[in-house]
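Novice: Start counting the sequence shown at 241; every next residue gets the next number (our numbering).
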Amino acid sequence: ARYGIAWGALGAAEDCLAVARQYTLDRKQFGRPLAANQLIQKKLADALTEIHLGLQGCLQVGRLKDLHQAPVEITSIIKRNSCGKALEIARLARDMLGGNGISDEFSVARHLVNLEVVNTYEGTHDVHALILGRAITGIAAFAN
Numbered sequence: 241a242r243y244g245i246a247w248g249a250l251g252a253a254e255d256c257l258a259v260a261r262q263y264t265l266d267r268k269q270f271g272r273p274l275a276a277n278q279l280i281q282k283k284l285a286d287a288l289t290e291i292h293l294g295l296q297g298c299l300q301v302g303r304l305k306d307l308h309q310a311p312v313e314i315t316s317i318i319k320r321n322s323c324g325k326a327l328e329i330a331r332l333a334r335d336m337l338g339g340n341g342i343s344d345e346f347s348v349a350r351h352l353v354n355l356e357v358v359n360t361y362e363g364t365h366d367v368h369a370l371i372l373g374r375a376i377t378g379i380a381a382f383a384n
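1. For threonine 264, does the count of other Cβ atoms within 10 angstroms reach 16, so buried, or fall short, so exposed?
2. Can you tell me which of Glu290, Ala241, Pro311, Glu362 puts its alpha carbon nearest to the alpha carbon of arginine 374?
3. Quick check: the region 247 to 265 against the region 327 to 343, are there 3 or more CB pairs under 8 Å?
4. For glutamate 362, which option in Asp335, Ser347, His351, Arg320 has the closest C-alpha, if you only look at C-alpha atoms?
5. Does DSSP put glutamine 309 in a helix, a strand or coil?
6. Keeping to the same chain, check which residues put their C-beta closer than 7 Å to that of glycine 294; ignore five residues upstream and five downstream.
7. Short check: CB of alanine 252 to CB of leucine 337, under 7 Å?
8. Which residues in the same chain have their Cβ closer than 8 Å to the Cβ of lysine 283, if we skip the five residues on either side of it in sequence?
9. Considering only C-alpha positions, which residue in the set Asp366, Gly297, Lys268 is nearest to glycine 244?
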């Protein structure tokens, strides 16, 4: 399930990016699109970068799974990363939409709420950090 969650979270991030991109192209302020502002372009570029890095990670894990060479911890890495980055991207998109970022007219708020939940089930960000910590140190910090 964690493997699929990693892909799904990135799909939500992709939609948030698409909505934010279109909104900032369409929304005019002071006679020009919001997308003409450097800060907006930086946020869009950061979101695109994180999505593509996450997708490459998920793809590589899938290839390792096909070869039966994927250690359990690698799935924790992509679940933790994809959910965390997707949540950040949804927050960025909400910010770029201003007051409309919480409107049900756009999908961003729905994704934001869903990603808060997704970030929790099948192991929170911190639980996956403990799994990775055990893999790194050989010591299980979450067991007596």
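Cβ atoms here follow ideal geometry from the backbone N, Cα and C, with glycine treated the same way.
Specialist: In this structure, then:
1. Position 24 of the sequence shown, counted from the first residue, corresponds to residue 264. The residue in question, threonine 264, is buried, as its Cβ has 16 or more Cβ neighbours within 10 Å.
2. Stepping through the sequence shown from its first residue, residue 374 is reached at position 134. Here the closest residue by C-alpha is Pro311.
3. yes
4. One-based indexing of the sequence shown puts residue 362 at position 122. With distances taken between Cα atoms, glutamate 362 lies closest to Arg320.
5. If you number the sequence shown from 1, residue 309 lands on position 69. Correct three-state label for glutamine 309: coil.
6. Taking the sequence shown and counting its residues from 1, the one referred to as residue 294 is at position 54. So the list reads Leu250, Asn321, Ser322, Lys325, once near-sequence residues are dropped.
7. Position 12 of the sequence shown, counted from the start, is the residue given in the question as residue 252. Position 97 of the sequence shown, counted from the start, is the residue given in the question as residue 337. Contact: no.
8. Counting from 1 along the sequence shown, the entry for residue 283 is found at position 43. If we look at lysine 283 and ignore the five residues flanking it on each side, its Cβ neighbours are Ala260, Leu332, Asp335, Met336.
9. Within the sequence shown, the letter at position 4 stands for residue 244. Out of Asp366, Gly297, Lys268, Gly297 has the C-alpha closest to the C-alpha of glycine 244.
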